[in-house]
Amino acid sequence: MSELIVTEIFYSIQGESSHAGLPCAFVRLTGCPLRCSWCDTVYSFKGGKRMSIDAILETLSSYKTNLVEITGGEPLAQENSLPLMEALIQKGYKVLIETGGSESIANVHKDVCIIMDIKCPGSKMHEKMMWSNLEHIKSSDEIKFVIASHEDFLWAVEKIKHYNLESRCRLLLSPAWGLVSPQNLSEWLLECGVKARLNLQLHKYIWGPRKKGV
Ligand code: SF4
Numbered sequence: 325m326s327e328l329i330v331t332e333i334f335y336s337i338q339g340e341s342s343h344a345g346l347p348c349a350f351v352r353l354t355g356c357p358l359r360c361s362w363c364d365t366v367y368s369f370k371g372g373k374r375m376s377i378d379a380i381l382e383t384l385s386s387y388k389t390n391l392v393e394i395t396g397g398e399p400l401a402q403e404n405s406l407p408l409m410e411a412l413i414q415k416g417y418k419v420l421i422e423t424g425g426s427e428s429i430a431n432v433h434k435d436v437c438i439i440m441d442i443k444c445p446g447s448k449m450h451e452k453m454m455w456s457n458l459e460h461i462k463s464s465d466e467i468k469f470v471i472a473s474h475e476d477f478l479w480a481v482e483k484i485k486h487y488n489l490e491s492r493c494r495l496l497l498s499p500a501w502g503l504v505s506p507q508n509l510s511e512w513l514l515e516c517g518v519k520a521r522l523n524l525q526l527h528k529y530i531w532g533p534r535k536k537g538v
């Protein structure tokens, strides 16, 4: 039986991406090969409990939404995240996956909306990026840069231009909580005019920055 190690499953308001504001169920898988300097989910690195795909589906069925996000940790670090996504698509869910960019997205189901980070230097994980993932990004996917400084912002704009990302998918620029203010990032974005969306973590404004399970 296919099993995954799960940190938490919960129902909340989607805080990020172009789906922000929508009711959404979340499956947070355990484990991550990265260690971003500003990571806000270190509690997902270890522990968790083993759950079958059927048990995960059963839990999700109690929530009043057909929008599900698989997140982590790094969900693609568990190979059974692929059959989980396929089972969710078969059940009629709209599926999002949040991935850090270091694991291959090549085998993710075509109907899944991939939200992939490109880690900036401020994360200290930018050298772990699997750049070949850009070959598999669809126009319905989203690429997110978490910006921890003005240097990160300039680096992100350079990558956006270099890889012609504006014409490939939706782009998200997110201020690293406590390191860059939404106002500063907004001003940089307006000034440079790159076609990207300011991505605030809505759930932190609603429930505070440290609350788990939202
Ligand atoms: S990829 Fe995500 S979960 Fe992993 S260390 Fe970075 S921010 Fe944390």
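Residue numbers (my numbering): 325 to 538. Built from N, CA and C at the ideal position, the CB exists for glycine as well.
Residue i beta carbon near the ligand SF4 (any heavy atom closer than 7 Å)
i: Leu458; result: no
i: Thr365; result: yes
i: Cys493; result: no
i: Arg359; result: yes
i: Ser368; result: yes
i: Gly424; result: yes
i: Glu398; result: yes
i: Cys356; result: yes
i: Met325; result: no
i: Met409; result: no
i: Met449; result: yes
Alpha-carbon spacing of residue i relative to residue j, whole angstroms
i: Asn488; j: Tyr367; result: 35 Å
i: Ser326; j: Ser464; result: 28 Å
i: Leu509; j: Asp378; result: 42 Å
i: Arg374; j: Pro357; result: 19 Å
i: Cys360; j: Glu398; result: 12 Å
i: Pro407; j: Asn431; result: 10 Å
i: Leu381; j: Lys415; result: 9 Å
Neighbourhood of residue i by C-beta, 6 Å cutoff - its chain only, sequence neighbours within 5 removed
i: Pro519; result: Residue identity differs from the one stated: residue 519 is Lys in this sequence, not Pro. Here the set comprises Glu490.
i: Phe541; result: Not covered by the structure: residue 541. The range shown for the chain is 325 to 538.
7 Å CB neighbourhood of residue i in its chain, flanking five on each side removed
i: Asn457; result: Gly425, Ser428, Ile429, Met440
i: His450; result: Lys443, Cys444
Residues near residue i in its chain [Cβ-Cβ closer than 8 Å; skip 5 each side]
i: Ile413; result: Val419, His433, Asp435, Val436
i: Pro506; result: Pro499, Leu522, Leu524
Contact with chain D by residue i, beta-carbon distance below 8 Å
i: Ser426; result: Absence of chain D from the displayed structure is noted, only one protein chain being present.
Looking at C-beta atoms only, is the number of pairs between the region 379 to 394 and the region 333 to 351 that lie closer than 8 Å three or more?
-> yes
Complete runs of the alpha helix (DSSP H) confined to the region 366 to 417 [at least 4 residues] | 377 to 384, 405 to 414
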